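*Asks:* According to the numbering used here, the sequence shown is numbered sequentially starting from 27.
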Amino acid sequence: MTAPTKLDKVVADEILAVIRTKFDLDDASNIEVTSIEVDQDELKIRIELLITTTERPEMLAKSYFGLTGKVREALGSDWSGFFPVITPQINSGMHA
Numbered sequence: 027m028t029a030p031t032k033l034d035k036v037v038a039d040e041i042l043a044v045i046r047t048k049f050d051l052d053d054a055s056n057i058e059v060t061s062i063e064v065d066q067d068e069l070k071i072r073i074e075l076l077i078t079t080t081e082r083p084e085m086l087a088k089s090y091f092g093l094t095g096k097v098r099e100a101l102g103s104d105w106s107g108f109f110p111v112i113t114p115q116i117n118s119g120m121h122a
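1) Round the Cβ separation of Ile73 and Ile116 to the nearest angstrom and send it over; I've been treating them as touching at under 8 Å.
2) Compare the Cα-Cα distances from Lys88 to each of Ala38, Lys48 and Gln66 and report the closest residue.
3) Around the Cβ of Asp67, are there at least 16 other Cβ atoms within 10 angstroms (buried) or fewer (exposed)?
4) Determine the burial state of Phe108: buried for a count of at least 16 other Cβ atoms within 10 Å of its Cβ, exposed for fewer.
5) What number of angstroms, rounded off, separates the C-alpha of Glu84 from the C-alpha of Ala43?
Written as structure tokens, this is what we have:
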């Protein structure tokens, strides 16, 4: 089987849903996937996030535990040999 070269929209949407569920932020917060890149050579999927929230960084850090495993499940069997590298950028201090 040849490995896919990019994620389809359904898988990308599933990843975003898993990330949003894991962080469980309030309605005023926003999580956006800004980039998804597949590295065939290193068997990695780089996922960059922008999180806009007033939550304290310590609270966000607690949400990282288990996130990689949840994202791997969302990727499904077609991507089983790939490792997701999740890089967040936090935009804190959001004003209402």
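Where a beta carbon is used, it is the ideal one built from N, C-alpha and C, also for glycine. These figures come from a predicted structure and were not determined experimentally.
*Replies:* Looking at the atomic coordinates:
1) About 15 Å; that fails the 8 Å criterion.
2) Lys48
3) Classification of Asp67: exposed, given that the 10 Å Cβ count is below 16.
4) Per the 10 Å Cβ criterion, buried.
5) Going from the Cα of Glu84 to the Cα of Ala43 covers about 22 Å.
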